[in-house]
Amino acid sequence: MAPAYLLAGVSAAGAAGCGRETDLAGVVCSLGCKIVELPVTYLGLPLHSGAIPKNKVQGLVDKVVARLPAWRGSMMSRGGRLVWIKSVMTAVPIYAMMANGIPTWAREEIEACCRRFLWAGADASVRGKCAVAWPVVARPYEFGGLGVLDLRLMGLALQVRWLWLQRNPADDGRAWTELPLKVAPEVRCLFHASTNFEVGNGQQTLFWKDRWIVGSSVEDIAPALISLVAKRTRSSQSVAVALQGNQWIRELRGGFSVQAISQYLKLWDAVREINLSPSTPDRLLWRWSSDGHFSV
DNA sequence: AGATCAGAATCCGATTAAAG
DNA sequence: CTTTAATCGGATTCTGATCT
Numbered sequence: 110m111a112p113a114y115l116l117a118g119v120s121a122a123g124a125a126g127c128g129r130e131t132d133l134a135g136v137v138c139s140l141g142c143k144i145v146e147l148p149v150t151y152l153g154l155p156l157h158s159g160a161i162p163k164n165k166v167q168g169l170v171d172k173v174v175a176r177l178p179a180w181r182g183s184m185m186s187r188g189g190r191l192v193w194i195k196s197v198m199t200a201v202p203i204y205a206m207m208a209n210g211i212p213t214w215a216r217e218e219i220e221a222c223c224r225r226f227l228w229a230g231a232d233a234s235v236r237g238k239c240a241v242a243w244p245v246v247a248r249p250y251e252f253g254g255l256g257v258l259d260l261r262l263m264g265l266a267l268q269v270r271w272l273w274l275q276r277n278p279a280d281d282g283r284a285w286t287e288l289p290l291k292v293a294p295e296v297r298c299l300f301h302a303s304t305n306f307e308v309g310n311g312q313q314t315l316f317w318k319d320r321w322i323v324g325s326s327v328e329d330i331a332p333a334l335i336s337l338v339a340k341r342t343r344s345s346q347s348v349a350v351a352l353q354g355n356q357w358i359r360e361l362r363g364g365f366s367v368q369a370i371s372q373y374l375k376l377w378d379a380v381r382e383i384n385l386s387p388s389t390p391d392r393l394l395w396r397w398s399s400d401g402h403f404s405v
């Protein structure tokens, strides 16, 4: 049996009284796990009840710095240092970026480290030695860069991956699928802008938010109409439920503006043509790849 | 050869956003 | 509602390339 860790704020549980303590002991007994006080390092990552403290993140930055060659590249050509950056330096933070994401300051410190190494080598200062700005270096060759990984964009992509795994109907059966996922708003925007749903039985697709009507969402077609729907409904009602006896129309509350009426008619037209096929599940498609799959 | 220019990093203060 | 952190814009600093 795989070892499991039950992580709990022991001080909080202790304050709650001994009744809780015995409950806890029962859980520990039946699960065969142990109790650790937060914060803790789990699978090489800092785990914390609140925000991850700065010194834990600093440890990650230090790990990248430690990967600099001992002689600081004084014996390496600039091309050699570039290869080192691409294959070693930028690979170190990938794991942490995938799990939690890393704060802006940490990413900038890692980039500054790579920048100093590439342009200045063993010299301490990089001022005035950079041939081109770092955002240019971090572009693919075909866009005039040196093909170094852009850590900000890679971080976004790695976070989008969680949303993809959560929403992909072809990939269900994950225990955390129904749990709320905490990602940055721009990650959600990127996911929304990059994905289409191909509706089958309509159970996995959100009627109001997802892009499922020939590449656009209800939000795109009828922005004025959206405000008449309860927030909770917007983020939970599936296409299947909404189309069942035109339930979606009953979700519209409040007075219609002229604009809303015209958008309502437009949406009515678009939705009328949709036929669900109960036997096929919905499909989630990544718009930027030919096979519709997301990969990083 | 010396002056000047261009491009980039870094520093610093002010504004804005988030957390408790 | 206050404190703290993040972000932004402008000023400064630095070096190599170019011009006179």
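With the first sequence counted from 1, adding 109 to any position gets you our numbering. Beta carbons are placed, not taken as given, at the ideal position from N, Cα and C, and that holds for glycine. Given the structure is predicted, the values throughout are model-derived calculations rather than measurements.
- Within the stretch 238 to 269, ranges of the alpha helix (DSSP H) (whole runs, at least 4 residues): Runs found: 243 to 246.
- Message: What residue range does the alpha helix (DSSP H) around E360 cover?
- Response: Premise fails: E360 is in no alpha helix (DSSP H) and is neither H nor E.
- Express the C-alpha separation of L274 and N310 in angstroms, rounding to a whole number. Between N310 and L274, the C-alpha separation is close to 19 Å.
- Does DSSP put W271 in a helix, in a strand, or in coil? Secondary structure of W271 (DSSP, three-state): helix.
- Item | Residue range of the beta strand (DSSP E) that includes L394 | Per DSSP, L394 belongs to the beta strand (DSSP E) from 392 to 395.
- Query: Going straight from the alpha carbon of D259 to that of I194, what length do you get?
  - Reply: Each residue's alpha carbon lies about 12 Å from the other.
- Between which two residues does the alpha helix (DSSP H) harbouring I335 extend? Under the DSSP assignment, I335 falls in the alpha helix (DSSP H) whose first and last residues are 332 to 335.
- Could you give the C-beta distance for R190 and F226, rounded to a whole number, given that I count them as a contact under 8 Å? Yes, they are in contact, since the Cβ atoms of R190 and F226 sit about 6 Å apart, within 8 Å.
- Task: Look at L393 and R276 and say whether their C-beta atoms are less than 9 Å apart.
- Result: Cβ atoms of L393 and R276: closer than 9 Å.
- Message: Quick check on DSSP: helix, strand or coil for E307?
- Response: Note: E307 maps to strand in three-state DSSP.
- Coil, strand or helix - R283 by DSSP: For R283, the secondary structure class from DSSP, reduced to helix, strand or coil, is coil.
- Item | Through-space distance from R396 to V257, alpha-carbon basis | Going by the C-alpha atoms only, they are around 24 Å apart.
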